[in-house]
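Residue numbers (the numbering used here): -13 to 148. All residues carry an ideal CB built from backbone N, CA and C; glycine is no exception. For clarity, every value in this text was computed on a predicted model and none was experimentally measured. One structure is given here, and the rest of the page talks about it.
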């Protein structure tokens, strides 16, 4: 009887472990990535940005804490801040995606910075990027390189005073 009890309790423990693993999915599996792209840069440029939308399908905040890619020596999370009227780029430790919300990484705001490009990035290429989350989970992406013809946005809407 004792042997049967140990086998039964081991089986129950194993089942509970599987159930609890599924009940607490990792951060990477609860994030959907949409509209991801890496900005094409001129030959010789050493840095570029990647932009995307992160959608959190879980009931708790998820934090993106880093990214890696073989396309650059360093990949960092960045934001822009207004420092006395001057926009400056700053590295940040993480990007929060609130429960059941989405966070947009876009030009002039939050983005992923590729520093020390290892090769020229041209439109049409697809670059492997790994997103890293606070819980240690990772999400593998294949991110297209896109040309952004006018990085300043629509200049026609600017008012020129002479």
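In the displayed model, residue 44 falls within coil according to three-state DSSP, outside both helix and strand. Counting along the chain, the unbroken beta strand (DSSP E) around residue 18 starts and ends at 17 to 25. Closest option to residue 25, judged by alpha-carbon separation, among 93, 39, 41 and 16: 93.
With a beta-carbon spacing of about 7 angstroms, residue 49 and residue 81 fall inside the 8 angstroms limit used to define contacts. Between residue 111 and residue 90, the alpha-carbon positions lie close to 22 angstroms from each other. Excluding residues up to 5 positions away in sequence, 64, 65, 66 and 67 lie with their Cβ nearer than 8 angstroms to the Cβ of residue 76 in the same chain. Residue 135 and residue 28 have their alpha carbons spaced roughly 11 angstroms apart. 59 is the residue among 35, 52 and 59 whose C-alpha sits nearest the C-alpha of residue 104.
Around the beta carbon of residue 95, fewer than 16 other beta carbons lie within 10 angstroms, which makes this residue exposed. One thing to note: residue 39 has its Cβ within 8 angstroms of the Cβ of residue 88. In the DSSP assignment, residue 124 falls within the unbroken beta strand (DSSP E) covering 124 to 132.
Rounded to whole angstroms, the separation of the alpha carbons of residue 69 and residue 125 is 33 angstroms. Nearest Cα to residue 23 within the set 36, 13 and 16: 36. Taking residue 54 as the centre and dropping the five residues before and after it, the same chain places the C-beta of 61, 115, 116 and 118 closer than 8 angstroms to its C-beta, in chain order. Using a Cβ distance threshold of 8 angstroms, residue 132 and residue 109 count as a contacting pair.
Exclusion of the five residues before and after residue 83 leaves 40, 42, 48 and 89 as the residues of its chain whose Cβ lies within less than 6 angstroms of its Cβ. Residue burial annotation: residue 13 is buried, with at least 16 other C-beta atoms found within 10 angstroms of its C-beta.
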